[in-house]
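K.L.:
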Amino acid sequence: MNLSEIIRSDTPLSGFGRFALAVRLAVPAILAQISAVVMGYIDASMVGSLGADAAASIGLVATSTWLFNGLCSAGAVGFYVQTAHQLGAGRPEAARAILRQAMTSCLLYSLLLMAIGAGISGCLPHWLGGGPSIAPGASAYFLIFSLAAPALQFTFLLSGMLRCAGKMTVAGGIGIAECVLDVLFNAFLIFPARDVSVAGFDIRLPGADMGVEGAALGTALAMLCGCLAMWSYLFFKPSELQLRGERGSYLPRRHTLRRALSIATPMGLERLCTNAAQITLTVIVAPLGAAAIAANAFAVTAEGLCYMPGYGISDAATALVGQSVGAGKRHLARSFATLTVGMGIGVMTIMGAVMYVAAPAMIGFMTPDPEIVALGVEALRIEAWAEPMFAAAIVTYGVFVGTGDTFVPALMNLGSIWIVRVSLAAVLAPVMGLKGVWLAMCIELTFRGLIFLVRLARVFGRDVAKAAEKHKPGQA
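Residue numbers (my numbering): -16 to 459.
Right, dumping it as structure tokens:
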């Protein structure tokens, strides 16, 4: 049975059955998220081997690339949540109609983002306070990243469609393959041709010697390959979302767009303002020097090993709660919400403890610079204490996305990061350096997790009831 058939079944799911289903969806998503971080970790070590300036070039624009990631994610979520609702209601034809409309809408949206990113790429490093030694590399990296915006957008859209259809293994497998390709492309594009010794044999490896630009191009090519693989699966592989053999319009309809915008707009504005806060934090870090910029970027990459499992469980929560809402089973939705949030907190608590102990090895793998290592280790050990509540915020947000409720959670994220994190970082950074920035982050994430748990406990049942009525699936 596929996910929508399990959700719609008249046979009640036992507690163990719900747990097993959540694990079945979460594990592939977690593995995909972890693999992405591991490959990014290796990717960062490749760039880090080129020196502090190269690492700082990418670190300087990292928050700006996160902004693009957030906007692309928001551009996709309004469509794939509708798809989950339609599948939960047993209407695969309507789900496929939404998929077709989403492909056209997201293509146009991503072309707009591409034009904006390419247009600001020359000025962005200077706006962020980058010095002359890192600004050219940062500008080139962001330009290539911006030109890949359509591939990035379709990565979010198509993987979201697969996840909400319960195809976590497919989405996860393609994500893992994409990450492996990223490392392979980068190995060729970043470095010059070189000789390596393997089992006593000398092998000549080709290389384009593109440095920082090669890292961006490698990522772009890997995303393109992943998009083509997901599109091929959705078009050719028999499933509830198979497009081949069915006629239908790719022209977006007003009803579908209006519902997509009602879900995506709060999330998009939240991502925009949240990443603006991240960029503000980069501006706060920039005066601390190249070592602090690089350590900050490396610590963010390393921390992903802890919080990406939370995002994997959040993806599972969105699919489970979304299809339950579509099927009109709000009690099942509430049960899945509680279960997945608990899973997220448990997994990320363990990962936080691992990160605290392994921090020297995690940062040391990416750079041999002792100053950068010392700063990065200190940052990670501060952040480890926030991981349980960070998990609560991540997974609970995914739960609310599954219901189509994004407005209030977006406000909660915004208020937390701007009022707590940015203000604290601005006060603490001049006194404590990079340590102060990460202490502010730890305090803010703990606060954010607590307020999300309070909302989940107090109003979730009512919100699901409203969401089930407000987002009751209709014709697409």
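Here a beta-carbon is modelled for each residue, glycine too, at the ideal position from N, C-alpha and C.
On the DSSP letters alone, give me the boundaries of the beta strand (DSSP E) that residue 185 sits inside.
P.N.:
Numbered from its first residue, the sequence shown carries residue 185 at position 202. Its beta strand (DSSP E) spans residues 184 to 191.
K.L.:
Measuring CA to CA, which of 180, 57, 187 is closest to residue 88?
P.N.:
Walking along the sequence shown from the start, residue 88 turns up at place 105. The shortest Cα separation from residue 88 among 180, 57, 187 belongs to 57.
K.L.:
Considering Cα atoms alone, identify which of -15, 84, 49, 0 is closest to residue 232.
P.N.:
By one-based count along the sequence shown, residue 232 stands at place 249. Of -15, 84, 49, 0, the residue nearest in Cα terms is 84.
K.L.:
Which residues in the same chain have their Cβ closer than 7 Å to the Cβ of residue 227, if we skip the five residues on either side of it in sequence?
P.N.:
As a first step, residue 227 is located in the sequence shown; it is residue number 244 there, counting from the start. Same-chain partners within the cutoff: 218, 219.
K.L.:
Does the count of Cβ pairs from the stretch 292 to 300 and the stretch 369 to 385 closer than 8 Å reach three?
P.N.:
yes
K.L.:
I'd like the ranges of any beta strand (DSSP E) spanning at least 3 consecutive residues and lying wholly in the stretch 248 to 322.
P.N.:
none
K.L.:
Shortest alpha-carbon distance to residue 299 belongs to which of 331, 271, 389, 145?
P.N.:
The sequence position of residue 299 within the sequence shown is 316, counting from 1. Nearest of 331, 271, 389, 145 to residue 299, Cα basis: 145.
K.L.:
Near residue 189, which residues of its chain fall below 7 Å by C-beta distance, leaving aside the five closest residues on each side in sequence?
P.N.:
Within the sequence shown, residue 189 is the residue found at index 206, counting from 1. 171, 176, listed in sequence order.
K.L.:
Ordered along the chain, which non-local residues of its own chain (more than five positions away) have a Cβ less than 7 Å from that of residue 37?
P.N.:
Along the sequence shown, one-based indexing puts residue 37 at 54. Excluding five sequence positions before and after residue 37, the CB atoms of its chain that fall closer than 7 Å to its own CB belong to 30, 120, 194, 195, given in chain order.
K.L.:
Taking the alpha-carbon of residue 69 as reference, which of 368, 100, 184, -14 has the nearest alpha-carbon?
P.N.:
On the sequence shown, position 86 is the one that residue 69 refers to. The option with the nearest alpha carbon to residue 69 is -14.
K.L.:
Alpha carbon to alpha carbon, how far is residue 436 from residue 179?
P.N.:
Locating residue 436 in the sequence shown gives position 453, where the first residue counts as 1. Locating residue 179 in the sequence shown gives position 196, where the first residue counts as 1. Taking the straight line from one Cα to the other gives about 52 Å.
K.L.:
Could you say which of 92, 382, 77 lies nearest to residue 320 if we only look at CA atoms?
P.N.:
For the purposes of this step, residue 320 is taken as residue 337 along the sequence shown, with counting starting at 1. The shortest Cα separation from residue 320 among 92, 382, 77 belongs to 382.
K.L.:
Can you give me the C-alpha to C-alpha distance between residue 52 and residue 98, rounded to a whole angstrom?
P.N.:
Stepping through the sequence shown from its first residue, residue 52 is reached at position 69. Stepping through the sequence shown from its first residue, residue 98 is reached at position 115. Rounded to whole angstroms, residue 52 to residue 98 spans 15 Å at the Cα level.
K.L.:
Considering Cα atoms alone, identify which of 151, 212, 9, 247 is closest to residue 389.
P.N.:
Walking along the sequence shown from the start, residue 389 turns up at place 406. Of the candidates 151, 212, 9, 247, the one whose C-alpha sits nearest the C-alpha of residue 389 is 247.
K.L.:
Going by other Cβ atoms of all chains shown within 10 Å of its Cβ, with 16 needed for buried, is residue 270 buried or exposed?
P.N.:
Mapped onto the sequence shown, residue 270 falls at position 287. When all chains shown are included, residue 270 counts as exposed.
K.L.:
If contacts are defined as beta-carbon pairs under 8 Å, then residue 213 and residue 142 qualify, I think. What distance do you get, rounded to the angstrom?
P.N.:
For the purposes of this step, residue 213 is identified with residue 230 of the sequence shown, where counting begins at 1. For the purposes of this step, residue 142 is identified with residue 159 of the sequence shown, where counting begins at 1. Confirmed, Cβ separation roughly 6 Å.
K.L.:
Starting from residue 392, trace the alpha helix (DSSP H) in both directions and tell me its first and last residue.
P.N.:
Position 409 of the sequence shown, counted from the start, is the residue given in the question as residue 392. It spans 390 to 398 - the alpha helix (DSSP H) in which residue 392 sits, taken as one unbroken run.
K.L.:
For residue 131, collect the residues of the same chain with a Cβ closer than 7 Å to its Cβ; drop the 5 residues on either side in sequence, then sort them by chain order.
P.N.:
Numbered from its first residue, the sequence shown carries residue 131 at position 148. So the qualifying residues of the chain are 203, 206.
K.L.:
Rounded to whole angstroms, what's the CA-CA distance from residue 185 to residue 166? Just pull it up for me.
P.N.:
In the sequence shown, residue 185 corresponds to position 202, counting from 1. In the sequence shown, residue 166 corresponds to position 183, counting from 1. Going from the Cα of residue 185 to the Cα of residue 166 covers about 21 Å.
K.L.:
Quick check on residue 108: does DSSP put it in helix, strand or coil?
P.N.:
Position 125 of the sequence shown, counted from the start, is the residue given in the question as residue 108. Residue 108: helix per DSSP, three-state reduction.
K.L.:
To the nearest angstrom, how far is it from the Cα of residue 401 to the Cα of residue 260?
P.N.:
By one-based count along the sequence shown, residue 401 stands at place 418. By one-based count along the sequence shown, residue 260 stands at place 277. Each residue's alpha carbon lies about 6 Å from the other.
K.L.:
To the nearest angstrom, how far is it from the Cα of residue 103 to the Cα of residue 136?
P.N.:
Numbered from its first residue, the sequence shown carries residue 103 at position 120. Numbered from its first residue, the sequence shown carries residue 136 at position 153. Approximately 19 Å, taken between the alpha carbons.
K.L.:
What number of angstroms, rounded off, separates the C-alpha of residue 430 from the C-alpha of residue 192?
P.N.:
In the sequence shown, the residue the question calls residue 430 occupies position 447. In the sequence shown, the residue the question calls residue 192 occupies position 209. Across the structure, residue 430 and residue 192 are spaced so that their CA atoms are roughly 45 Å apart.
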